[in-house]
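Novice: The structure's right below; bear with me while I get my questions together.
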Amino acid sequence: PGIGARNLRECLLIQAYRIPDFSPLAIEILEKHYDALKELRYANIAKSLGITTEAVQIAIHELSKLTPHPGTQIGDAPLQTIIPDMTIVETKPGEFGVIMKNNSFPRLRINSMYKMLLKNQSTSKEDKEYIREKLNAANTFIRSIDNRHSTMFLVMQAIVDRQHDFFTKGPEYLKPMILQDIADTVKRDPSTVNRVTNGKYVETPYGVYELKQFFTSSITQKDGSEMSSARILDSIKTLIEGEDHKKPLSDQAITDALEKLGIHAARRTVAKYREEELKILPARLRKTIS
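With our numbering, you'll find the sequence shown wraps up at 623, consecutive numbering, no jumps.
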């Protein structure tokens, strides 16, 4: 935590808020007395807060548990390259098809030598029974892989059909969709749909997406229609990214701004999405200190 912070104060606050039972006094010093802290004016801090200098020093000792360079913790971690399992291509204006990548489903076949051994007169009866048993198991495995391959193709095509606006207009047009919706379309159990989409990625005209990103909950709008939570999240993120950092938007201000965009969401929903989904600090901690 803290890697994407705009300054050292915000970096430390992000870390402090993530630690359960972290010293409230230490957080208050970071929030309200950061300049005095930088200049080591502990007595001034103590006087302003009406506490002893010793209490301030104890709080500052808590701050020493935080790291001013959080990126060093992962600096040597290898980067993970995502290779899409499928690609969505526009076959004709407004129509899209699914192309499966061979890297996800390699072509499997049984070595013909084993079939020749079954026909060979010199192969013992016991060996033939053993080979036949293993060949049956191999054929069952290959059929299972082929079935998974075809199921994933059907699932992805069903997603493309249901999320047509996403592929023609953009990510902001992602519709609410759950596993059951696709399961009903491809006539499979929701658990099967979940298995074949888990950890799989698709290359779209708008970048690479994990399949689970297409499954989103919804919020009922004033006119009774349903709006994807993903679209609301994107709108909240866009509003915060465009805010005045000296006067950041409160959750209520974001709620009001969403209403002007035709998006209805309760303030508590906005707060939950901001904090839990987007991992963005509240307005008072996003304020830039000049």
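Beta carbons: idealized from backbone N, C-alpha and C, even for Gly. All of these numbers come straight from a predicted model, not from anything done at the bench.
Would you mind reading off the limits of the alpha helix (DSSP H) that contains residue 530?
Specialist: Position 197 of the sequence shown, counted from the first residue, corresponds to residue 530. Looking at the DSSP string, the run of the alpha helix (DSSP H) that includes residue 530 is 523–530.
Novice: In angstroms with no decimal places, state the Cα-to-Cα distance between residue 372 and residue 619.
Specialist: Here residue 372 is taken as the residue at index 39 of the sequence shown, counted from 1. Here residue 619 is taken as the residue at index 286 of the sequence shown, counted from 1. Going by the C-alpha atoms only, they are around 22 angstroms apart.
Novice: Compute the Euclidean distance between the alpha carbons of residue 380 and residue 396, then round it to the nearest angstrom.
Specialist: Locating residue 380 in the sequence shown gives position 47, where the first residue counts as 1. Locating residue 396 in the sequence shown gives position 63, where the first residue counts as 1. Approximately 19 angstroms between the Cα atoms of the pair.
Novice: For residue 484, which residues from the same chain have a beta carbon less than 6 angstroms from its beta carbon, with the 5 sequence-adjacent residues on both sides left out?
Specialist: Position 151 of the sequence shown, counting from 1, holds the residue named residue 484. Cβ within range, chain order: 529.
Novice: How far does the alpha helix (DSSP H) with residue 534 in it reach, from first residue to last?
Specialist: As a working note, residue 534 is residue 201 in the sequence shown. Here residue 534 belongs to no alpha helix (DSSP H); instead the beta strand (DSSP E) covers 534–537.
Novice: Compare the C-alpha of residue 515 against each of 502, 544, 535 and 441 and name the closest.
Specialist: As a working note, residue 515 is residue 182 in the sequence shown. It is 544.
Novice: Helix or strand or just coil, what does DSSP make of residue 355?
Specialist: For the purposes of this step, residue 355 is identified with residue 22 of the sequence shown, where counting begins at 1. DSSP places residue 355 in coil when its eight states are reduced to three.
Novice: How would you call residue 507, buried or exposed, if buried means at least 16 neighbouring beta carbons within 10 angstroms?
Specialist: For the purposes of this step, residue 507 is taken as the residue at position 174 of the sequence shown. Buried, by the Cβ-count rule.
Novice: Can you check whether the CB of residue 342 is closer than 8 angstroms to the CB of residue 375?
Specialist: By 1-based counting over the sequence shown, the position of residue 375 is 42. By 1-based counting over the sequence shown, the position of residue 342 is 9. No, the Cβ-Cβ distance between residue 375 and residue 342 is not below 8 angstroms.
Novice: Can you give me the start and stop residues for the alpha helix (DSSP H) that residue 484 sits inside?
Specialist: By one-based count along the sequence shown, residue 484 stands at place 151. Here the alpha helix (DSSP H) through residue 484 covers 458–495.
Novice: I need the straight-line Cα distance from residue 546 to residue 568, nearest angstrom please.
Specialist: For the purposes of this step, residue 546 is taken as residue 213 along the sequence shown, with counting starting at 1. For the purposes of this step, residue 568 is taken as residue 235 along the sequence shown, with counting starting at 1. Approximately 16 angstroms, taken between the alpha carbons.
Novice: Which residues in the same chain as residue 417 place their Cβ atom closer than 7 angstroms to its Cβ, once the five residues preceding and following it in sequence are excluded?
Specialist: Here residue 417 corresponds to residue number 84 of the sequence shown, with the count starting at 1. Exclusion of the five residues before and after residue 417 leaves 434, 534, 535, 536 and 541 as the residues of its chain whose Cβ lies within less than 7 angstroms of its Cβ.
Novice: Return the chain-ordered list of same chain residues with a C-beta closer than 7 angstroms to the C-beta of residue 511, the five sequence neighbours on each side being excluded.
Specialist: In the sequence shown, counting from the first residue as 1, residue 511 sits at position 178. Cβ within range, chain order: 548.
Novice: Let me check understanding here. Comparing Cα to Cα, which of 482, 448, 359 and 338 lies closest to residue 467?
Specialist: Here residue 467 refers to the residue found at position 134 when the sequence shown is read from its first residue. When each option's Cα is compared against that of residue 467, the closest is 448.
Novice: Take residue 623 and list the residues in its own chain whose beta-carbon comes closer than 6 angstroms to its own, dropping the five residues that flank it on each side.
Specialist: Within the sequence shown, numbered from 1, the residue matching residue 623 stands at position 290. Confidence is the limiting factor: at residue 623 the pLDDT is only 41, short of 50, which leaves the residue's position unreliable and the question unanswerable from this model.
Novice: Are the beta-carbon atoms of residue 555 and residue 597 separated by less than 8 angstroms?
Specialist: Counting from one through the sequence shown, the residue named residue 555 turns up at place 222. Counting from one through the sequence shown, the residue named residue 597 turns up at place 264. Contact flag set, yes.
Novice: In the DSSP assignment, what residue or residues form a beta bridge with residue 425?
Specialist: The residue you call residue 425 lines up with position 92 of the sequence shown. Answer by DSSP bridge pairing, in chain order: 428.
Novice: Rounded to a whole number of angstroms, what is the C-alpha to C-alpha distance between residue 425 and residue 500?
Specialist: Start at 1 with the first residue of the sequence shown, and residue 425 comes out as number 92. Start at 1 with the first residue of the sequence shown, and residue 500 comes out as number 167. The alpha-carbon atoms of residue 425 and residue 500 are separated by roughly 13 angstroms.
Novice: Taking the DSSP output, what are the residues bridged to residue 541?
Specialist: As a position in the sequence shown, residue 541 is number 208, starting the count at 1. Residue 541 is bridged to 536.
Novice: Kindly indicate the opening and closing residues of the beta strand (DSSP E) around residue 559.
Specialist: Here residue 559 corresponds to residue number 226 of the sequence shown, with the count starting at 1. Segment 559–561, the beta strand (DSSP E) holding residue 559.
Novice: What separation, rounded to the nearest whole angstrom, lies between the Cα atoms of residue 355 and residue 383?
Specialist: Walking along the sequence shown from the start, residue 355 turns up at place 22. Walking along the sequence shown from the start, residue 383 turns up at place 50. If you take the alpha carbons of residue 355 and residue 383, they lie about 20 angstroms apart.
Novice: Taking the alpha carbon of residue 360 as the point to measure from, which residue in 392, 590 and 455 has its own alpha carbon closest?
Specialist: Start at 1 with the first residue of the sequence shown, and residue 360 comes out as number 27. With distances taken between Cα atoms, residue 360 lies closest to 392.
Novice: Locate the alpha helix (DSSP H) running through residue 551, then write down its first and last residues.
Specialist: Sequence index remark: in the sequence shown, residue 551 carries index 218 (1-based). It is not in any alpha helix (DSSP H) - residue 551 instead sits in the beta strand (DSSP E) that spans 551–553.
Novice: Do you know offhand how far residue 572's Cα is from residue 605's?
Specialist: Within the sequence shown, the letter at position 239 stands for residue 572. Within the sequence shown, the letter at position 272 stands for residue 605. Cα-Cα distance, rounded: 16 angstroms.
Novice: By DSSP, does residue 514 sit in helix, in strand, or in coil?
Specialist: Against the sequence shown, residue 514 aligns to sequence position 181. Helix at residue 514.
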